[in-house]
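**Q** Going line by line, the protein sequences match chains A and B. The first sequence lines up with residues 360 to 706 when you count with my numbering. The second sequence lines up with residues 360 to 706 when you count with my numbering.
There are 2 protein chains.
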Amino acid sequence: MRTVAVALALVSATIGATAALSAEDPLMKEAQGLFQPIPNKPPVVKDVVATPALVELGKALYFDPRLSESHNISCNTCHQIGLGGVDMLPVSIGHKSQKGTRNAPTVLNSVFNTAQFWDGRAADLKEQAGGPIQNPVEMAITHQHAIEMLRGIPGYKPLFEAAFPGDKDPVTIQNVEKAIAVFEATLITPNAPFDKFLRGDGNALTAEQKAGLRLFIDQGCASCHNGINVGGGMYAPFGVVEKPGADILPPTDKGRFQVTKTADDEYVFKVPTLRNIELTPPYFHTGKAWDLKQAVGVMATSQLGEHLSDDQISKITAFLHSLTGEQPMVTYPILPPSTATTPQPEM
Amino acid sequence: MRTVAVALALVSATIGATAALSAEDPLMKEAQGLFQPIPNKPPVVKDVVATPALVELGKALYFDPRLSESHNISCNTCHQIGLGGVDMLPVSIGHKSQKGTRNAPTVLNSVFNTAQFWDGRAADLKEQAGGPIQNPVEMAITHQHAIEMLRGIPGYKPLFEAAFPGDKDPVTIQNVEKAIAVFEATLITPNAPFDKFLRGDGNALTAEQKAGLRLFIDQGCASCHNGINVGGGMYAPFGVVEKPGADILPPTDKGRFQVTKTADDEYVFKVPTLRNIELTPPYFHTGKAWDLKQAVGVMATSQLGEHLSDDQISKITAFLHSLTGEQPMVTYPILPPSTATTPQPEM
Numbered sequence: 360m361r362t363v364a365v366a367l368a369l370v371s372a373t374i375g376a377t378a379a380l381s382a383e384d385p386l387m388k389e390a391q392g393l394f395q396p397i398p399n400k401p402p403v404v405k406d407v408v409a410t411p412a413l414v415e416l417g418k419a420l421y422f423d424p425r426l427s428e429s430h431n432i433s434c435n436t437c438h439q440i441g442l443g444g445v446d447m448l449p450v451s452i453g454h455k456s457q458k459g460t461r462n463a464p465t466v467l468n469s470v471f472n473t474a475q476f477w478d479g480r481a482a483d484l485k486e487q488a489g490g491p492i493q494n495p496v497e498m499a500i501t502h503q504h505a506i507e508m509l510r511g512i513p514g515y516k517p518l519f520e521a522a523f524p525g526d527k528d529p530v531t532i533q534n535v536e537k538a539i540a541v542f543e544a545t546l547i548t549p550n551a552p553f554d555k556f557l558r559g560d561g562n563a564l565t566a567e568q569k570a571g572l573r574l575f576i577d578q579g580c581a582s583c584h585n586g587i588n589v590g591g592g593m594y595a596p597f598g599v600v601e602k603p604g605a606d607i608l609p610p611t612d613k614g615r616f617q618v619t620k621t622a623d624d625e626y627v628f629k630v631p632t633l634r635n636i637e638l639t640p641p642y643f644h645t646g647k648a649w650d651l652k653q654a655v656g657v658m659a660t661s662q663l664g665e666h667l668s669d670d671q672i673s674k675i676t677a678f679l680h681s682l683t684g685e686q687p688m689v690t691y692p693i694l695p696p697s698t699a700t701t702p703q704p705e706m
Numbered sequence: 360m361r362t363v364a365v366a367l368a369l370v371s372a373t374i375g376a377t378a379a380l381s382a383e384d385p386l387m388k389e390a391q392g393l394f395q396p397i398p399n400k401p402p403v404v405k406d407v408v409a410t411p412a413l414v415e416l417g418k419a420l421y422f423d424p425r426l427s428e429s430h431n432i433s434c435n436t437c438h439q440i441g442l443g444g445v446d447m448l449p450v451s452i453g454h455k456s457q458k459g460t461r462n463a464p465t466v467l468n469s470v471f472n473t474a475q476f477w478d479g480r481a482a483d484l485k486e487q488a489g490g491p492i493q494n495p496v497e498m499a500i501t502h503q504h505a506i507e508m509l510r511g512i513p514g515y516k517p518l519f520e521a522a523f524p525g526d527k528d529p530v531t532i533q534n535v536e537k538a539i540a541v542f543e544a545t546l547i548t549p550n551a552p553f554d555k556f557l558r559g560d561g562n563a564l565t566a567e568q569k570a571g572l573r574l575f576i577d578q579g580c581a582s583c584h585n586g587i588n589v590g591g592g593m594y595a596p597f598g599v600v601e602k603p604g605a606d607i608l609p610p611t612d613k614g615r616f617q618v619t620k621t622a623d624d625e626y627v628f629k630v631p632t633l634r635n636i637e638l639t640p641p642y643f644h645t646g647k648a649w650d651l652k653q654a655v656g657v658m659a660t661s662q663l664g665e666h667l668s669d670d671q672i673s674k675i676t677a678f679l680h681s682l683t684g685e686q687p688m689v690t691y692p693i694l695p696p697s698t699a700t701t702p703q704p705e706m
């Protein structure tokens, strides 16, 4: 009896899988050609071996508000682990409540982006990590002062020594950037329904999500939003067909042009990842759209010249919800205390 | 041979323990009469059963910056889990970079305090939790708006329902306060060397720390700083013998007088806990002392009329370092996202 039951279950499972596969096959195959799943393990940051001590140091630095002039802003302030890796603000609030000029991109899966920042001005996470620290409207501390700060907190010395055992004088800004980058590379979100679909599970997406994926490919969204991060792999002009309103695309921010000074790069931005997009409102580099459906509609009009129906937008949005992966489980780091020798905050 | 060696080791251990105990006995006994160890498990918050769902909700709320008008300040901003439960600033930075008037007290072990805030104006953690939310220089949101906010974040509904299964309409400010209080009650730091000493381990303190404890008792520090939190159990005038300078005790802040309007309460403050004191600079309600030794010296002069020698101050400070317990290991909560229906931040 038991053997028969098992055999029947196997047959039934095989039939089910085949039926699902034959119906899915073209869409799944096409998707597998355009996208890749998020791996289950963090990727290697170029030239850096991620030892546990290095990841721990990077985590401490990521959460330490004393890397800011006021001792009040950490990496996690604008890229919160529990808020999809963002701050859920149109633009971030920095030193002395100054406002940033662009919406904070998510730190989650950022290791898979081809470059960092909306304009790609940092080649990788290491280069990115040092930016906000010294940006006067963000953390507003010089690199030199950041290092004085860390050297003034005695408890950091053993953490740096453990993380960089070969270095004679390990408390340097380069090592700060390396450590933060290595920690950030652990912030990946595997096993989204879409990842399971890409790995062959035809039941991982709902019928509506599959219809949305079909539209996402056929309408042309996937010509920019593709690869492992469903975006993050290239640059594109915003408003290539039809410029959106000045609230969404203000003429003053010329995007990548400000980096390359090349006319072709006017209003060009890095295509953002759509991974975990439901967790990271508001949308666009200006953070002007709180509604994901609105954002989908604006993108279709401005980038593809398509006026999608409500039904099409709903389906694409349903697909985008399948991009939400397992969020990182991070134990809050215990930071070494300030002492009488620590440079004091400038409030 | 082996049996003999073990037997010898046992004899030697017994002699050692006895020797340590006989020498320690009076100090340990005296300490056990004045102080109690932090328990290994969180205590019960009055009238509230701490289910896992309630603690999880409280943790989410504790870390959620959307309980502030700007969506930028959470409980954890001023009471950081990784910074000894404080922000390591003289006074906190609140809404639109306004400054608070008193140093943020630690959330760690705060459940053991007799009342909350420097002036004891909140009877317990539940009452405290609602305060900063609506303080215009802190989170600066009305209770009503806080509830609109949470109701506008669809993902909170199931969390409140799980935490308050009996309630028809569980998203209320009272429940917010309960949940935060229950989470905060988990933030205790057991097993400090001093706790081990109080439980009978004569070797848990160094000789210098024991000398410091002796001074701490004999000089009179323990007449206010006693009980489970080595403080936190009573009120006392600051400057009872000799008023410290106006930088440390400005005449404008009359402490508990502002709550009771009783002349006797002028410049009276809740005696702060000394638990984890090495992790929570700067010191005093004004946050004006970054050096723990300086703080010890000022307290001796102002409260006891004693001018301690450097050696005495060093010993007392060494004892204070024995009050650092195991810091809470908190997994960063994943918060439900804002949506098109969420009230937007006022930046």
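From the three backbone atoms N, C-alpha and C, an ideal C-beta is built for every residue, glycine too.
Relative to chain C, which residues along the segment 534 to 546 of chain A have a C-beta separation below 8 Å, given in chain order?
**A** Here chain C cannot be found, since the structure's protein chains are A and B.
**Q** Do you know how far the Cα of A:Thr565 is from the Cα of A:Leu546?
**A** Here residue 546 of chain A corresponds to residue number 187 of the first sequence, with the count starting at 1. Here residue 565 of chain A corresponds to residue number 206 of the first sequence, with the count starting at 1. When rounded, the distance between both Cα atoms is 27 Å.
**Q** At the level of alpha carbons, what is the spacing between A:Ser582 and A:Ser697?
**A** As a working mapping, residue 582 of chain A is identified with position 223 in the first sequence. As a working mapping, residue 697 of chain A is identified with position 338 in the first sequence. Between A:Ser582 and A:Ser697, the C-alpha separation is close to 50 Å.
**Q** Residues of the segment 517 to 533 of chain B in Cβ contact with chain A at a cutoff of 9 Å, in chain order, please.
**A** none
**Q** Among the candidates B:Pro402, B:Pro411, B:Thr683 and B:Ala499, whose CA atom is the shortest distance from the CA of B:Arg425?
**A** Your numbering for residue 425 of chain B matches position 66 in the second sequence. With distances taken between CA atoms, B:Arg425 lies nearest to B:Ala499 out of B:Pro402, B:Pro411, B:Thr683 and B:Ala499.
**Q** Going by CA-CA distance only, name the one from B:Ile440, B:Val657 and B:Ala538 that's closest to B:Lys405.
**A** The residue labelled residue 405 of chain B in the question sits at position 46 within the second sequence. Proximity to B:Lys405 across B:Ile440, B:Val657 and B:Ala538 peaks at B:Ala538, based on C-alpha coordinates.
**Q** Three or more C-beta pairs closer than 8 Å, one from the segment 411 to 425 of chain A and one from the segment 690 to 706 of chain A: is that the case here?
**A** yes
**Q** Does the contact criterion of 3 or more C-beta pairs under 8 Å hold for the segment 602 to 612 of chain B versus the segment 641 to 657 of chain B?
**A** yes
**Q** For a contact meaning CB atoms closer than 9 Å, what does B:Ile672 contact in chain A?
**A** Counting from 1 along the second sequence, the entry for residue 672 of chain B is found at position 313. None at all; the shortest Cβ gap to chain A is about 13 Å.
**Q** Are the C-beta atoms of B:Arg425 and some chain A residue less than 9 Å apart?
**A** On the second sequence, position 66 is the one that residue 425 of chain B refers to. Yes, because at least one Cβ of chain A sits closer than 9 Å to the Cβ of B:Arg425.
**Q** Below 8 Å on the Cβ atoms is my contact criterion, and I expect B:Leu633 with B:Val589 to pass it. Report the Cβ-Cβ distance as a whole number of Å.
**A** Along the second sequence, one-based indexing puts residue 633 of chain B at 274. Along the second sequence, one-based indexing puts residue 589 of chain B at 230. The Cβ separation is near 4 Å, so the contact holds.
**Q** Considering only the beta carbon of each residue, do B:Val414 and B:Phe523 sit closer than 9 Å?
**A** One-based indexing of the second sequence puts residue 414 of chain B at position 55. One-based indexing of the second sequence puts residue 523 of chain B at position 164. Not in contact: B:Val414 and B:Phe523 (Cβ atoms no closer than 9 Å).
**Q** On the DSSP bridge list, what partners appear for A:Phe394?
**A** Mapped onto the first sequence, residue 394 of chain A falls at position 35. Its beta-bridge partners are A:Gly586.
**Q** B:Val748 to B:Ser451, Cα distance in whole Å?
**A** Outside the displayed span of chain B (360 to 706) sits residue 748 of chain B, for which this structure offers no information.
**Q** Between B:Ser427 and A:Ser681, what straight-line distance do the alpha-carbon atoms span, to the nearest angstrom?
**A** Position 68 of the second sequence holds residue 427 of chain B. Position 322 of the first sequence holds residue 681 of chain A. About 30 Å.
**Q** Note the first and the last residue of the continuous beta strand (DSSP E) segment covering A:Tyr594.
**A** Here residue 594 of chain A refers to the residue found at position 235 of the first sequence. Here the beta strand (DSSP E) through A:Tyr594 covers Tyr594 to Pro596.
**Q** Three-state secondary structure (DSSP) at B:Gly656?
**A** Counted from its first residue, the second sequence places residue 656 of chain B at position 297. Three-state result, B:Gly656: helix.
**Q** Run the CB neighbour count on A:Gln487, radius 10 Å, all protein chains shown included, and call it buried at 16 or more, exposed below.
**A** As a first step, residue 487 of chain A is located in the first sequence; it is residue number 128 there, counting from the start. That one is buried.
**Q** Using the beta-carbon of each residue, which ones in chain B are nearer than 9 Å to A:Ser429?
**A** Stepping through the first sequence from its first residue, residue 429 of chain A is reached at position 70. Those within 9 Å of A:Ser429 in chain B are Leu448, Ile452 and Ser456.
**Q** Closer than 8 Å is the cut-off here; do at least three beta carbon pairs connect the segment 458 to 467 of chain B with the segment 473 to 488 of chain A?
**A** no
**Q** Quick one: what does DSSP say B:Tyr642 is sitting in, helix, strand or coil?
**A** Indexing the second sequence from 1 puts residue 642 of chain B at position 283. Correct three-state label for B:Tyr642: strand.
**Q** Please classify B:Gly614: does DSSP put it in a helix, a strand, or coil?
**A** One-based indexing of the second sequence puts residue 614 of chain B at position 255. Strand at B:Gly614.
**Q** Skipping 5 residues on each side, what residues in its chain have a beta carbon closer than 7 Å to that of B:Glu520?
**A** Position 161 of the second sequence, counted from the first residue, corresponds to residue 520 of chain B. Contacts found: Pro529.
**Q** Between B:Gly514 and A:Glu637, what straight-line distance do the alpha-carbon atoms span, to the nearest angstrom?
**A** Mapped onto the second sequence, residue 514 of chain B falls at position 155. Mapped onto the first sequence, residue 637 of chain A falls at position 278. Roughly 12 Å separates the two Cα atoms.
**Q** In three-state terms, what does DSSP make of A:Lys647?
**A** One-based indexing of the first sequence puts residue 647 of chain A at position 288. DSSP places A:Lys647 in coil when its eight states are reduced to three.
**Q** So which residues of chain A does B:Tyr691 contact, with C-beta pairs closer than 7 Å?
**A** For the purposes of this step, residue 691 of chain B is taken as the residue at position 332 of the second sequence. What B:Tyr691 touches in chain A: Ile440, Gly441, Val689 and Tyr691.
**Q** Run down chain B in chain order and give the residues with a C-beta less than 9 Å from the C-beta of A:Met706.
**A** Start at 1 with the first residue of the first sequence, and residue 706 of chain A comes out as number 347. The contacting residues are Leu448, Pro449, Val450, Ile452, Ser456 and Lys458.
**Q** Drop a sphere of 10 angstroms on the beta-carbon of A:Ala544, count the other beta-carbons inside from all chains shown, and report buried for 16 or more, exposed for fewer.
**A** Counting from 1 along the first sequence, the entry for residue 544 of chain A is found at position 185. Buried: at least 16 other Cβ atoms inside 10 Å.
**Q** Checking 9 Å against the spacing of the C-beta atoms, do B:Lys458 and A:Met706 come in under that value?
**A** Along the second sequence, read from residue 1 onward, the residue named residue 458 of chain B stands at position 99. Along the first sequence, read from residue 1 onward, the residue named residue 706 of chain A stands at position 347. For B:Lys458 and A:Met706, yes; Cβs fall inside 9 Å.
**Q** Express the C-alpha separation of B:Val657 and B:Val535 in angstroms, rounding to a whole number.
**A** For the purposes of this step, residue 535 of chain B is taken as residue 176 along the second sequence, with counting starting at 1. For the purposes of this step, residue 657 of chain B is taken as residue 298 along the second sequence, with counting starting at 1. Taking the straight line from one Cα to the other gives about 39 Å.
**Q** If I follow the unbroken alpha helix (DSSP H) through A:Val303, where does it start and stop?
**A** A question about residue 303 of chain A goes unanswered here, because the residues of chain A that appear run from 360 up to 706.
**Q** Give me the residue from B:Ile576, B:Val627 and B:Ala622 with the minimum Cα distance to B:Pro596.
**A** The residue given as residue 596 of chain B occupies position 237 in the second sequence. Of the listed residues, the one whose Cα sits closest to B:Pro596 is B:Val627.
**Q** Which residues in chain B sit within 8 Å of A:Glu637, going by Cβ to Cβ distance?
**A** Counted from its first residue, the first sequence places residue 637 of chain A at position 278. Simply Pro696.
**Q** Can you tell me whether B:Pro696 is helix, strand or coil according to DSSP?
**A** Start at 1 with the first residue of the second sequence, and residue 696 of chain B comes out as number 337. DSSP places B:Pro696 in coil when its eight states are reduced to three.
**Q** Closest Cβ-Cβ distance between A:Ala699 and chain B: below 9 Å?
**A** Here residue 699 of chain A corresponds to residue number 340 of the first sequence, with the count starting at 1. Yes, its Cβ sits closer than 9 Å to a Cβ of chain B.
**Q** Looking at B:Val618 and B:Asp592, is the spacing between their C-beta atoms short of 9 Å?
**A** By one-based count along the second sequence, residue 592 of chain B stands at place 233. By one-based count along the second sequence, residue 618 of chain B stands at place 259. First, the residue type needs correcting, since residue 592 of chain B is Gly and not Asp in the sequence shown. Result no, Cβ atoms of B:Gly592 and B:Val618 do not sit closer than 9 Å.
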